[in-house]
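Residue numbers (the working numbering): 5 to 317.
Virtual Cβ for every residue (Gly too), placed ideally from N, Cα, C.
Contents: one structure, followed by commentary.
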Amino acid sequence: MGSKRIPINMFASEVCSKKGHVVVVNAFLATFNLKDMLGSIERVPGVADLVLPLGTGGAERQARRITDFFAQSPKRRLFLVIHNIDAPPLRSAKAKSCLSLLASSPCIHIIASIDRINAPLLWSSTESSVRKQHHDYAGDRRGYAWLWHDLTTLAAYDVELAQADRSSISGVAALHSSAARHQQDAGAAATAGVAMTETAATHILASVTQKAKKLFVLLGTKQVESMDEATDATGANAQQYALAYDLLFNLARDNFIATNDTAMRSLLGEFRDHGLVVSAAQGGPGSGELLWIPMRKERLSKILGALKTEQEG
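Right, dumping it as structure tokens:
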């Protein structure tokens, strides 16, 4: 927990800058996008002089040109610092494809921070563990080769949350208005699900499809895991253990439960209509949706155990 911007920037300037080129991007900004990140890397002297490789996507071609440039000599190194790699602009398939290509290069090193407890779900176990390519490797192996480090600082997110111009009346009004809406949405959602009991949940689950039950198990399992890692093991406030919609969708797709957004929302609708799953917008412009089950840990664990036994039988 806590902002990691200052210690990571110090590491980049005091250590990485002595070993190669350093590019720092702030993915937490509302204006951030993949194109700007690749453009920043291409400002490294010599990168833009290379001809763009053949391909269909502009971003993919840019990423390939960058990897080609740094592959020309083992002495050329790039340290790409990404603050909040779990930000919405970097969760798309295109962004992940470009990042995995860069990360697999032996001369490109990504130093990134995450602030969502479920952020590791953005990458499969295969993507997270793929080793870097050798200089003479001619294939298209992609992955991140992540090495995880705990960097708890408990520092305030002052820069990360500065999404509005506080020097202008309109900026302050927009910031306060946005915060008020998020609090109202979250409060309404929590209120809607506060009365959910084990008996009511059992009746609702008895009337839904098998795929809907499997989706409920996915969400519930991740929520219980988050509760287990927290100091408050009772999970009285279930909202703080919510899972981002896009992360749940990735899990559902990998488990062949829902292959598209329409199918996913249709399954969720069976629970939302009865208050068994509630949602709220994440704080900050451009952020996604959070989902959670409004039940205490012990009740939810009992429900999940019964569903898993039913599915195994």
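Residues sharing a beta bridge with residue i, DSSP
| i | result |
| --- | --- |
| Trp296 | Val282 |
| His25 | Leu82 |
| Asn30 | His87 |
Residue i (DSSP reduced to helix, strand or coil)
| i | result |
| --- | --- |
| Ile10 | helix |
| Ile114 | strand |
| Val51 | coil |
| Ile86 | strand |
| Leu252 | helix |
| Leu42 | helix |
| Leu106 | helix |
| Leu247 | strand |
| Gly273 | helix |
| Glu233 | helix |
| Leu165 | coil |
| Leu209 | helix |
| Phe74 | helix |
| Ala99 | helix |
| Thr203 | helix |
| Asp265 | helix |
| Ser129 | helix |
| Lys306 | helix |
Minimum C-alpha distance to residue i - residue among the options
| i | options | result |
| --- | --- | --- |
| Ala99 | Gln76, Asp53 and Arg146 | Arg146 |
| Arg257 | Leu219, Lys312 and Ala234 | Leu219 |
| Thr157 | Ile115, Ile297 and Met5 | Met5 |
| Met323 | Ala242, Val221 and Val29 | What is shown of the chain runs 5 to 317, which leaves residue 323 out entirely. |
| Leu151 | Leu165, Ile118 and Glu164 | Ile118 |
| Lys2 | Ser44, Asn37 and Arg80 | Outside the displayed range of the chain (5 to 317) lies residue 2, so it cannot be described from this structure. |
| Asp265 | His25, Ala246, Asp250 and Arg276 | Asp250 |
| His87 | Leu165, Ala63, Ile297 and Ser101 | Leu165 |
| Ala63 | Ser77, Pro49, Pro78 and Ile45 | Ile45 |
| Leu103 | Trp296, Pro78 and Arg65 | Arg65 |
| Leu252 | Ile297, Glu233 and Asp162 | Ile297 |
| Phe275 | Glu314, Gln244 and Leu209 | Leu209 |
| Gly50 | Phe73, Gln244 and Ala267 | Phe73 |
Residue i classed as buried or exposed, judged by whether at least 16 other C-beta atoms fall within 10 angstroms
| i | result |
| --- | --- |
| Thr56 | In the sequence under discussion, the amino acid at residue 56 is Leu, which differs from the Thr named in the question. So Leu56 ends up on the exposed side. |
| Lys217 | buried |
| Gly279 | buried |
| Thr263 | exposed |
| Glu316 | exposed |
| Gly309 | exposed |
| Ser17 | exposed |
| Phe36 | buried |
| His207 | exposed |
| Val26 | buried |
| Ser129 | exposed |
| Val221 | buried |
| Phe260 | exposed |
| Gly224 | buried |
| Ala107 | buried |
| Val163 | exposed |
| His160 | The amino acid at residue 160 is misidentified as His; the sequence shows Ala. It counts as exposed. |
| Ala31 | buried |
Residue i versus residue j - alpha carbon distance
| i | j | result |
| --- | --- | --- |
| Lys301 | Lys39 | 42 Å |
| Lys312 | Ala205 | 15 Å |
| Ser349 | Val134 | What is shown of the chain runs 5 to 317, which leaves residue 349 out entirely. |
| Thr71 | Val281 | 43 Å |
| Ala52 | Ala75 | 15 Å |
| Leu58 | Arg68 | 9 Å |
| Ile115 | Val212 | 44 Å |
| Leu155 | Asn13 | 13 Å |
| Ser132 | Val29 | 21 Å |
| Ile307 | Pro93 | 35 Å |
| Val228 | Arg120 | 16 Å |
| Leu255 | Trp127 | 10 Å |
| Leu271 | Ala123 | 23 Å |
| Leu82 | Val19 | 13 Å |
| Glu293 | Ala284 | 6 Å |
| Thr201 | Met299 | 7 Å |
| Lys8 | Arg303 | 36 Å |
| Pro78 | Gly24 | 11 Å |
| Ser305 | Val48 | 52 Å |
| His153 | Asp90 | 16 Å |
| Phe15 | His113 | 13 Å |
CB contact below 7 Å: residue i versus chain B
| i | result |
| --- | --- |
| Gly6 | Given the protein chain composition of this structure (a single chain), no chain B is represented. |
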